[in-house]
Each structure stands twice: as C-alpha cells, then as structure tokens.
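Worksheet: one structure, shown below.
Numbering (the UniProt record's numbering), first residue to last: 1 to 613.
Okay, here's the thing in structure tokens:
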C-alpha cells in the first residue's frame with residue numbers, strides 16, 4: 001500500500017467465489033495471505049478515498065501479484081447539532097473550482113438530546129473549502145462561512161456547528177401592493193425585500209432578544225405600522241397625470257412648464273417628449289394646476305382638482321387623476337447663426353429682436369412706432385438652440401405674427417466680444433404663422449486696444465531729473481515698452497510746479513497687467529521722496545494717471561547730525577591732553593632743551609670750520 005498520504009492501517013475487503021473477509025493492511029509495502037482462489041476483488045474501506053477504488057487480482061500466475069492503493073482524499077465530517085429535526089438544513093460549500101449546495105441533511109436523534117445532522121466531505125491533503133449551514137427556521141452559529149482543511153488523520157469532526165431556533169418576521173400588505181420596498185432594521189443590521197403581487201414579505205431566521213423595525217416604502221403610497229400579525233396597512237396617495245398636445249395636429253407639447261400647488265405641496269416640472277408628466281404622492285387637498293408654454297395659448301389656462309381623503313371603499317385606481325390641456329400656437333421663432341467675414345462662427349453673441357414699423361428701413365422723422373399689439377409683446381430673449389452643439393446659433397422665441405422685427409446685437413461684457421458690430425444691418429423680419437429659419441448675421445470687430453496718458457507735476461528743477469518707464473508685469477526683466485523724460489520748462493526766478501503730459505503707447509486689450517514707474521536722479525541723501533509705481537490692467541478703456549513729484553530737502557540739523565560724528569575723536573584728544581598736561585610740559589621742556597643744545601652744537605661746528613679755513 002502506498003504511504004504518500006501518511007495513512008496508518010486500512011481495512012481492505014477481499015472477495016472471491018469461495019472466500020471473503022477483511023484484511024488490516026498497514027501503510028507501506030506488505031504481504032498478506034488469503035485462502036487459495038483463482039481471482040480476488042480487493043476494496044479498501046475507511047475514511048479515505050483510494051485510487052484505484054477497486055482492484056482485481058489474478059492468483060493463477062506463478063509470481064504473486066502486487067497491488068497499490070493510494071489515498072487521494074480524506075474524510076472531513078461537518079456536524080450540526082439542532083433542537084429541532086428540520087427538513088431544510090443545507091450546506092453551502094465554496095471551493096476553488098466553484099460552489100455547490102449539499103442537502104437537505106437528514107436529522108438523527110442525539111442521545112444527549114436534540115438532533116444531529118452530519119455530512120462527510122472528502123478533501124485532498126491541504127485542500128481548503130468554506131462551509132456554511134442555512135435553514136429557514138434555524139439560526140446556525142457561526143453565521144459566517146467557516147474554513148475546512150483536508151488532512152490525512154481521521155478522528156473528530158472537522159467542523160462543529162450549533163443551530164438554535166430563529167425568529168421569523170413575516171406578514172403582508174393590506175391590500176396587497178406589488179413592488180414595495182420592505183426594510184428591516186436592528187442596530188447595524190439592515191435587510192430589504194421587494195414584495196410580489198401578493199404583497200407578502202418574510203425575514204428570518206433572526207436572532208431572538210433584539211428589537212426589529214419593519215417599514216414599507218413606495219411612491220404615491222403611505223403605509224401604517226406593522227401590527228401583531230405582521231400586516232401593514234397600505235393607502236395610495238393621489239397622483240395627477242398631465243397631458244399636453246397641439247390643437248392643430250395633436251402632437252405632444254414637449255418642454256411645457258406645469259406648476260402644481262396645494263396644501264404644503266409645491267412643484268414645477270417640464271413635460272417630456274410625450275407631452276406628459278406625473279405629480280405623485282399627493283395628500284388630500286385642493287390643488288391648482290397651471291401650464292405654461294412660450295408661444296402657445298393653453299386651454300384651459302388652469303385647472304383645480306380636489307383630492308378627497310383615502311378610504312378603503314375607494315379603489316387604488318381611482319386615486320389617479322388625468323388632466324388634459326391643448327395648446328394653440330400664437331407666436332413663432334427666429335433662429336440663425338452669427339459668423340464673421342470669413343465665415344467662421346462667433347460664439348457667445350447675444351441677439352435680440354425689437355418690434356418696429358414696416359417703414360423702419362427708411363424712417364422719416366419722427367421715428368416710426370411699431371404696431372400696438374407688437375409693442376405689447378414681451379421682449380424676445382435669446383435662448384440656446386437645443387438640438388446642436390454649435391454655440392454660434394441663436395434662437396429667439398415669442399415673436400408675434402403680422403409684426404416686423406429688427407435684429408441687433410446685445411452689448412456684452414466679455415472682452416473677446418468688445419467692439420463687435422454688424423457688418424450690415426439685416427433686413428426687417430416679417431413674422432407670419434411660421435418660424436423664420438437660417439438667418440445669417442455677419443459681424444465685424446475692430447481691434448481692441450487701450451490708450452492712455454500720464455500727467456506729471458513737479459518743480460522745473462526736479463522735472464529734469466525724472467524718467468517714466470512702462471513694462472509688462474509678466475516680463476519684468478525685459479526692456480521697458482516705453483522710457484521717456486518729461487519736457488522741462490525754462491528756469492524761472494520763482495520756483496513753482498509745472499505739468500507735463502506723457503502719452504502711453506497703444507496696448508492690446510488683452511487684460512494683461514502693466515507697470516508704470518517714475519524714477520528720479522535726485523540723491524535721497526539730500527532729498528526725501530518715494531518711488532512711484534502704478535499697476536493697471538489693459539482692458540480696452542482709456543487710462544488717465546496724474547503723478548505729483550514733490551520731494552523734500554533734508555534739514556541742516558540732519559547735516560549737523562552727520563558731521564557731529566567727526567567732533568567726537570577731537571574732543572577725546574583734548575580731554576587726554578588736559579589729563580596728561582604735566583607730562584606733556586615735561587616732554588615739551590625736554591624737547592626744547594634738546595633742540596637748543598643741538599642748535600648750539602651746530603653753531604660751534606660752523607665757527608670751527610671757518611677758523612680752520
């Protein structure tokens with residue numbers, strides 16, 4: 001017998017025509033004796049599965065045959081103890097190759113009391129599976145799936161589970177309602193179900209001793225509390241279905257705004273492509289319904305609906321109310337595009353239509369006045385064209401028939417649209433009972449620039465020292481865009497301020513920041529002044545700056561404070577001389593005597609030199 005799986009002793013059943021019995025075969029190679037017979041069938045028994053499961057041996061040969069059995073898997077017993085002999089206990093086994101359900105298991109009375117359910121899994125050595133037991137009425141612990149590992153030894157159960165009677169919460173909705181979300185909550189536990197046509201629900205098994213809350217939820221319904229029998233009363237709230245269609249062709253009206261108000265309910269919504277919209281979960285109250293669609297006159301203009309309190313005598317279907325409105329078109333639209341001279345689209349341009357007289361193309365004074373009905377038309381507004389991603393399209397709604405309109409551009413605060421105007425005024429638009437399409441507006445735009453100037457005020461003597469520079473803030477180290485000196489007036493006897501105008505170079509209106517700087521060559525040692533720095537944004541508007549340069553001359557007290565530092569060492573020398581005056585006198589006396597003796601000696605030498613001569 002092969003000992004690959006460390007199997008100890010295995011019982012092997014032998015069988016022939018004349019004899020049968022059981023051999024206790026140890027692991028490894030061994031010799032076994034059996035009664036003489038021509039052929040035997042050997043079957044290993046025990047808590048292992050062998051390969052091969054059955055061997056046939058022919059003893060008619062001269063040499064004794066050799067038979068090898070290899071244990072390929074080992075028994076792993078899963079044991080579940082329960083107080084009740086339920087008939088729906090299942091094992092859910094998850095392995096590497098997939099999952100499978102085993103059962104239902106058969107209960108066996110336990111001598112210690114209760115019942116026992118057992119199932120044997122055969123696993124290879126080291127193979128692992130996850131096992132979980134479930135029942136509709138029993139709560140099995142641990143509730144989580146447990147790991148079971150295959151091993152060669154056979155003994156105690158590989159997994160021991162205990163089941164207890166669980167709590168089941170079940171009931172139904174009265175009257176039955178389908179597709180209701182039933183939610184059970186208890187601390188951190190949340191379970192949900194959706195009811196079927198019978199309106200029933202069931203949760204379990206659950207732990208006993210905990211408090212559970214069950215509630216129901218569905219639009220247009222209100223639900224009561226769960227009673228002792230698990231029943232939940234269901235009451236349908238009112239629902240209003242609004243339908244809108246064109247009176248002329250019966251087509252649905254999409255995008256109509258419908259407002260519904262009543263009690264504490266307020267809601268406004270737009271109709272869909274089918275011309276419909278629903279207002280649900282309406283409590284008993286008086287509701288006012290008013291539709292609105294630009295360019296249409298809706299009939300009736302509004303509707304009032306009374307929703308009575310719900311009773312069991314009123315079927316659920318009677319809580320839905322349908323209101324139908326028809327629309328008569330009374331105004332039309334103009335749409336087109338805005339392009340530049342080269343045909344490229346210009347995005348973000350506002351366009352408006354103004355009602356005018358038909359003779360407005362050549363208006364004599366006084367200016368023509370539009371027709372009264374056209375003047376009473378609400379001002380048409382530009383709206384985005386809802387079927388395209390091209391931003392250069394305009395769409396103007398609410399234009400009255402039999403009226404003439406003039407198209408013009410609206411002013412824009414966007415810098416990129418500054419200075420935009422029509423290259424040529426389009427002809428007047430005469431509205432009939434149809435939309436005007438494909439209007440093409442050609443626009444031009446002058447180059448947007450920023451002009452400006454700087455006025456400098458200073459004394460004539462100071463004006464000659466000034467220098468004004470202009471540079472871009474983004475490139476502070478680049479050469480300045482402008483560097484200029486103000487013109488200085490001729491000198492005069494009386495000092496007085498003079499003004500000089502320095503024009504700024506034309507700048508692109510690109511919303512960039514520029515820096516003006518006024519410098520002076522006056523020394524800050526003798527004059528007190530601050531450097532002037534001005535920041536501004538080139539936004540296309542004229543820039544006007546006034547700079548006053550009035551430096552102050554530093555006072556003589558300050559000069560004295562600067563020269564007083566030189567007096568300090570002189571005073572120190574004088575104080576030293578006074579304190580050492582005796583010694584200085586001695587030194588002076590000695591120096592005088594030395595000088596006199598030296599002079600006398602020099603005189604004697606000169607006399608001797610003359611005598612020798």
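Using N, Cα and C, we set each Cβ at its ideal position, and we do this for glycine too. Bear in mind the structure is a predicted one, so any value in this text is a computation, not a measurement.
Legend entry - Sequence-distant residues of the same chain with beta carbon closer than 7 Å to residue 423, five excluded per side: 341, 442, 443 and 444
Legend entry - Whole runs of the beta strand (DSSP E) within the segment 140 to 185, excluding any shorter than 3 residues: 146 to 149, 159 to 165 and 167 to 174
Inset, instruction - May I have the straight-line CA-CA distance separating residue 434 from residue 333, to the nearest angstrom? - result: 8 Å
Legend entry - Every unbroken beta strand (DSSP E) inside the segment 242 to 326 [3 residues or more]: 257 to 262, 265 to 270, 276 to 282, 285 to 292, 296 to 299 and 303 to 307
Legend entry - Cutoff 7 Å; reference residue 538; Cβ partners in own chain excluding five residues on either side: 450, 507, 508, 509, 510, 511, 512 and 514
Inset, instruction - Could you give the DSSP three-state label for residue 593: helix, strand or coil? - result: helix
Legend entry - Enclosing beta strand (DSSP E) for residue 482 [first to last residue]: 482 to 484
Legend entry - Residue interval of the alpha helix (DSSP H) (run including residue 462): 460 to 463
Inset, instruction - Look at the Cβ atom of residue 104, then the Cβ atom of residue 88, and state whether they are nearer than 8 Å. - result: yes
Legend entry - Beta carbon of residue 97 nearer than 8 Å to that of residue 130: no
Legend entry - Ranges of the beta strand (DSSP E) found wholly within the segment 76 to 152, counting only runs of at least 3: 90 to 95, 98 to 102, 115 to 123, 128 to 134, 138 to 141 and 146 to 149
Legend entry - Option in 597, 549 and 126 with minimal Cα separation from residue 458: 549
Legend entry - Environment of residue 582 [buried if 16+ CB atoms lie within 10 Å]: exposed
Legend entry - Coil, strand or helix - residue 355 by DSSP: strand
Inset, instruction - Express the C-alpha separation of residue 462 and residue 577 in angstroms, rounding to a whole number. - result: 50 Å
Inset, instruction - May I ask you to list the residues that DSSP assigns as paired with residue 503? - result: 453
Legend entry - Cutoff 6 Å; reference residue 446; Cβ partners in own chain excluding five residues on either side: 419
Legend entry - Classification of residue 297 by the beta-carbon crowding that lies within 10 angstroms, buried from 16 upward: exposed
Inset, instruction - Report buried or exposed for residue 292, applying the criterion of at least 16 other Cβ atoms within 10 angstroms of its Cβ. - result: exposed
Legend entry - Cβ-based neighbour list, residue 489, same chain, cut-off 8 Å, excluding 5 preceding and 5 following: 460, 463 and 498
Inset, instruction - For residue 223, collect the residues of the same chain with a Cβ closer than 6 Å to its Cβ; drop the 5 residues on either side in sequence, then sort them by chain order. - result: 216, 232 and 234
Legend entry - Three-way DSSP call (helix, strand, coil) for residue 586 in this model: helix
Inset, instruction - Could you tell me which residues DSSP puts in a beta bridge with residue 234? - result: 223
Legend entry - Secondary structure, beta strand (DSSP E): runs of 3+ residues fully inside the segment 388 to 431: 393 to 399, 404 to 409 and 420 to 422
Inset, instruction - Give me the Cβ distance between residue 518 and residue 468, rounded to the nearest whole Å; I'm assuming they're in contact under 8 Å. - result: 5 Å
Legend entry - Cβ contact check for the segment 77 to 85 and the segment 147 to 160: 3 or more pairs under 8 Å: yes
Inset, instruction - Would you kindly work out how many angstroms separate the C-alpha atoms of residue 290 and residue 303, rounded to a whole number? - result: 6 Å
Legend entry - Complete beta strand (DSSP E) runs within the segment 12 to 86 (minimum length 3 residues, chain order): 20 to 26, 39 to 45, 48 to 51, 55 to 58 and 70 to 82
Inset, instruction - Answer yes or no: do residue 212 and residue 182 have a C-beta to C-beta separation smaller than 8 Å? - result: no
Inset, instruction - Could you tell me whether the Cβ atoms of residue 230 and residue 171 are closer together than 8 Å? - result: yes
Inset, instruction - Could you name the residues that DSSP lists as bridge partners for residue 471? - result: 515
Inset, instruction - With DSSP as the reference, label residue 329 as helix, strand or coil. - result: strand
Legend entry - DSSP three-state assignment for residue 349, whether helix, strand or coil: coil
Inset, instruction - Between the Cα of residue 397 and those of 553, 356, 331 and 432, spot the shortest distance and give me the residue it belongs to. - result: 331
Inset, instruction - Check whether the Cβ atoms of residue 29 and residue 59 sit closer than 8 Å, and answer yes or no. - result: no
Inset, instruction - Look at the alpha carbon of residue 218 and the alpha carbon of residue 281, and state the distance between them as a whole number of angstroms. - result: 9 Å
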